[in-house]
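See below for the structure under consideration.
2 protein chains.
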Amino acid sequence: MKQVKIGVIGFGTVGTGAISILLNQKELVKKRTGIELILKKVADKDLERPRQISLPRELLTADAWEIIKDPEIDIVVELIGGIHPAKEFIIEALRNGKHVVTANKALLAEEGNDIFKEAKERGLQVGFEASVAGGIPIIKVMREALVANRMLAIYGIINGTTNFILTKMTNEGIDFPEALREAQELGYAEADPTLDIEGIDSAHKLTILASLAYGIPLSFKSVYCEGITKIASQDIEFAKEFGYKIKLLAITKLLDSEIELRVHPTMVPEDYLISKVDGVFNAIYVEGDSVGATLYYGRGAGSMPTGSAVVADIVDIAKGVKTLSFDFSEKYTIKPIEEIESMYYFRFMALDRPGVLSKISGVFGEHNISIASVIQKGRSKAGAVPLVILTHKAKEKDVLQAVQKIDQLPVVAAKSVFIRVEGQEE
Amino acid sequence: MKQVKIGVIGFGTVGTGAISILLNQKELVKKRTGIELILKKVADKDLERPRQISLPRELLTADAWEIIKDPEIDIVVELIGGIHPAKEFIIEALRNGKHVVTANKALLAEEGNDIFKEAKERGLQVGFEASVAGGIPIIKVMREALVANRMLAIYGIINGTTNFILTKMTNEGIDFPEALREAQELGYAEADPTLDIEGIDSAHKLTILASLAYGIPLSFKSVYCEGITKIASQDIEFAKEFGYKIKLLAITKLLDSEIELRVHPTMVPEDYLISKVDGVFNAIYVEGDSVGATLYYGRGAGSMPTGSAVVADIVDIAKGVKTLSFDFSEKYTIKPIEEIESMYYFRFMALDRPGVLSKISGVFGEHNISIASVIQKGRSKAGAVPLVILTHKAKEKDVLQAVQKIDQLPVVAAKSVFIRVEGQEE
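If you read the protein sequences in the order shown, they are chains H and V. 119 is the number that numbering that gives the first Met the number 0 gives to position 120 of the first sequence; each next residue is one higher, with no gaps. 184 is the number that numbering that gives the first Met the number 0 gives to position 185 of the second sequence; each next residue is one higher, with no gaps.
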């Protein structure tokens, strides 16, 4: 029976999940694969904190280097998160001839090129299934199951916190701050929620997905990133009237040999499957040229789902599966956001006077933006009423210029809001 | 550069897809995997029929044995379907030391134990991703991504024909025969649609999924199988009133160390993601003990999606991935359908007389069936009106006995209909 020895650095939420699966499913994995997974050591700075599982004292160490330097350990699992010292741990583990499994999306998105280079030179594997969408095996799907597909487009709900907040806002008509507070109370959002609500976490994950999809270097800095903090409950209401839901989507597509890489709130037709993905769940829609439309759904975070992905990576590496098949050396231009085309939703807060619609649509006309539908609702005592417009496909560049002009019109009472719209053009 | 030589037996719909992907994505696959896939020979009884792609004459043969006996060929791809001679081809290919890839669910479900035994003894791989749910990589997901999970339940829409028919019936209010005719006109249903509409195709695929999930031998004969031919449009309407959709589900779950294996029309809460899977699309919901709820969606059939799965298997085998990790030797009792528990929907055609409900609910009471909701609608000129009842969880055995008694009541005008209901009990 083949034995594989594992050291885990980081005994937090994901570490606890991975470790408990390693221990509890040991026999199951042995039966299924003929491989015995042996947990040799677990490192964490804090060994006293109470945890869901208790380990024998001799398995524990406060010193990660004990694992990295242990000549018996075959696979080092990095689950501490953050860039430093996670990067140093991983690079040094690779230099010591160990395969690595990590759930660290920030590290991979921002510094992954160095890590994969190091691994490739040494013929070692880096498993990172757990870094994107928790228990959903999207990395395996893209690298292995869809190996014979050119990826045409990927649309992902890959941040559970923001999806929970948007779902709350949609179902209960509450505003962003209240929904965020609830997410924090339930432990779905952190005390400092910036990484999630500003879309940065989604952008990290999108960076990884795009590199797999197109074979390009990890390009986090090229991702356009816009969070959900400016979404108002009235925008969600108007979206509903038009038959859409608002989701924070991570999007990458290949158009005319250029790649789009963007994270932003998006209006999605409510009958699309991805619109039905609610709460903390994640889903990734992948369109391949052979396979067509596919979608993968599950829990994008949490101790056990993410632990399940970590252990699947460990098993693959133990079986000798060569996971590092992409070499991230393809060259594509990444389109700046100004160059994209999209349909758009606009909400203008306009004074309730005659001629407002004609003024705004005049500016649209000057910038080649063609209107698809309009909602203008009753009178307001305060003077400003929402004027909502859906457009046909337009250039982002034109949209930005038009909005700037419209915001200067005397009849416009507040900064205008726009949201990109996906779906078939009518 | 590693080269792998492939022979394809069967140049039909799936063969055409697989071959065109092998040829068109050759460079892509080479770049991604470092492996050159070489199509050495294609066998089909009919070489004259016009096809989407034309191959050089020297690649073609009418004699499958030419491929099976060719010492240069590493992987034999069987895409002719049916039990014989597909089984003989595969067994002989294995005996000649070749790995096998097949899309043949009927063969695997009914005779797969022999094939896997032969492969195991020889240390060869049998890839069968394309046998279940076309382009959805459900086999890989279950064997590899969820390797550290005990499977708690699987619910699949794994037959596109019946899902297309049920979707048509639901959206257009038409009856089964008309929807079937449309499916046939569009090429989604065969001239003899029995395998699809009676649920047999779903049962074949469920057999394969259950063997992977629980490590049991392929047990097609133990699958309870009920098709969609008796679903009336009024049942779909009533389901809607209760907030359900009717889907043909393939279900397997592990309960009290016993396995359920069943295919039947099922009422599913309309807000469940799987309820939104419409038309010819497939989806499989898999619940693992670590990963929780996951769902995989895509095209379950068609030349290119299925071809995509075939080529993914070829690549895995070429890379040396050991796919045959389950040994199908676990022993579980498979529960006979009479032993299951479920919620139920009943439609009784009752004479419009006082006391009918009390008579029927009396029989229910005698058999420990507890009523959750009732719909009894207006008067009928014909005398018989539908009485529709949803129950709490009940034993199938009790349900069968109760229905038999109720059908003998003088106030009941026609054979009663019942449909199993999934979802949370209220």
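Backbone N, C-alpha and C fix where the C-beta goes; we use that ideal spot for every residue, glycine too. For clarity, every value in this text was computed on a predicted model and none was experimentally measured.
Please state whether the Cβ-Cβ distance between residue i and residue j is less than 8 Å.
i        : j        : result
H/Ala412 : H/His391 : no
H/Ala249 : H/Ser201 : yes
V/Leu185 : V/Ile227 : no
V/Val387 : V/Phe417 : no
V/Ala144 : V/Gly299 : no
V/Ile258 : V/Lys330 : no
V/Ala282 : V/Leu294 : yes
H/Val420 : H/Tyr271 : no
V/Ala212 : H/Val314 : no
V/Val7   : V/Ile18  : yes
H/Ile89  : H/Tyr296 : no
V/Lys246 : V/Val267 : yes
H/Lys1   : H/Gly33  : yes
H/Met303 : V/Gly291 : yes
V/Asp195 : V/Ala231 : no
H/Gly306 : H/Leu350 : no
H/Leu78  : H/Gly126 : no
V/Ile67  : V/Val100 : no
H/Lys40  : H/Thr60  : yes
V/Leu38  : V/Leu22  : yes
H/Ala102 : H/Val13  : yes
H/Ile114 : H/Lys97  : no
V/Lys82  : V/Glu57  : The sequence given here has Ile at residue 82 of chain V, not Lys. Contact flag unset, no.
H/Ser210 : H/Phe327 : yes
Going by DSSP, what residue range makes up the beta strand (DSSP E) through residue i?
i        : result
H/Gly297 : 291-298
H/Asn281 : 280-287
V/Val3   : 1-8
H/Gln375 : 370-375
In the DSSP assignment, the alpha helix (DSSP H) including residue i goes from what residue to what residue?
i        : result
H/Glu110 : 104-121
H/His203 : 199-213
V/Leu151 : That residue, V/Leu151, is in no alpha helix (DSSP H); its beta strand (DSSP E) goes 150-156.
H/Met303 : 302-318
V/Pro176 : 175-184
H/Ala147 : Per DSSP, H/Ala147 belongs to no alpha helix (DSSP H) and is neither H nor E.
H/Thr15  : 12-23
V/Asp234 : 232-240
H/Ser357 : 355-365
H/Lys167 : 159-171
H/Asp69  : First-last for H/Asp69: undefined, no H or E at that position.
H/Thr193 : 193-196
Is any heavy atom in the ligand ZN found nearer than 7 Å to the beta carbon of residue i?
i       : result
V/Lys29 : For the structure depicted, the ligand ZN is absent and the ligand set is empty, with no information on it obtainable.
Which residue or residues does DSSP assign as beta-bridge partners of residue i?
i        : result
V/Met266 : V/Ile245, V/Val420
V/Arg346 : V/Val387, V/Val416
H/His429 : Here chain H has residues from 0 to 425 only, and residue 429 of chain H is not among them.
V/Ser341 : V/Ala393
H/Lys39  : DSSP lists no partner for H/Lys39.
H/Gly133 : For H/Gly133, which the question treats as bridged, DSSP gives no partner whatsoever.
H/Gly126 : H/Val100
V/Arg261 : V/Tyr223, V/Ile250
V/Val411 : V/Ala349
By the 10 Å Cβ neighbour count, where 16 or more other Cβ atoms means buried, how is residue i classified, buried or exposed?
i        : result
V/Gln124 : buried
V/Gly198 : buried
H/Ile426 : No answer is possible for residue 426 of chain H: the residues shown for chain H start at 0 and end at 425.
H/Val373 : exposed
H/Pro264 : buried
H/Pro385 : buried
V/Asp234 : buried
H/Ala393 : buried
H/Asn367 : exposed
H/Gly361 : exposed
H/Ala190 : exposed
V/Asn170 : exposed
H/Asp277 : buried
H/Pro176 : exposed
Quiz item: Is the region 315-322 of chain H in contact with the region 199-208 of chain H, if contact means three or more CB pairs nearer than 8 Å?
Solution: No, because fewer than three Cβ pairs between the region 315-322 of chain H and the region 199-208 of chain H fall closer than 8 Å, the two stretches do not touch.
Quiz prompt | Inter-stretch contact at 8 Å, needing at least 3 Cβ pairs: the region 165-184 of chain H / the region 211-221 of chain H | solution = Taking a contact to require three or more Cβ pairs closer than 8 Å, the region 165-184 of chain H and the region 211-221 of chain H do not qualify as touching.
Exercise. Inspect the CB distances between the region 332-345 of chain V and the region 33-49 of chain V and report whether three or more fall short of 8 Å.
Key: Because the criterion of three Cβ pairs below 8 Å is not met, the region 332-345 of chain V and the region 33-49 of chain V do not touch.
Practice problem: Say whether the region 148-160 of chain H touches the region 152-163 of chain V, bearing in mind that this needs 3 or more beta-carbon pairs closer than 8 Å, one atom from each stretch. | Solution: Contact fails: fewer than three Cβ-Cβ distances are below 8 Å.
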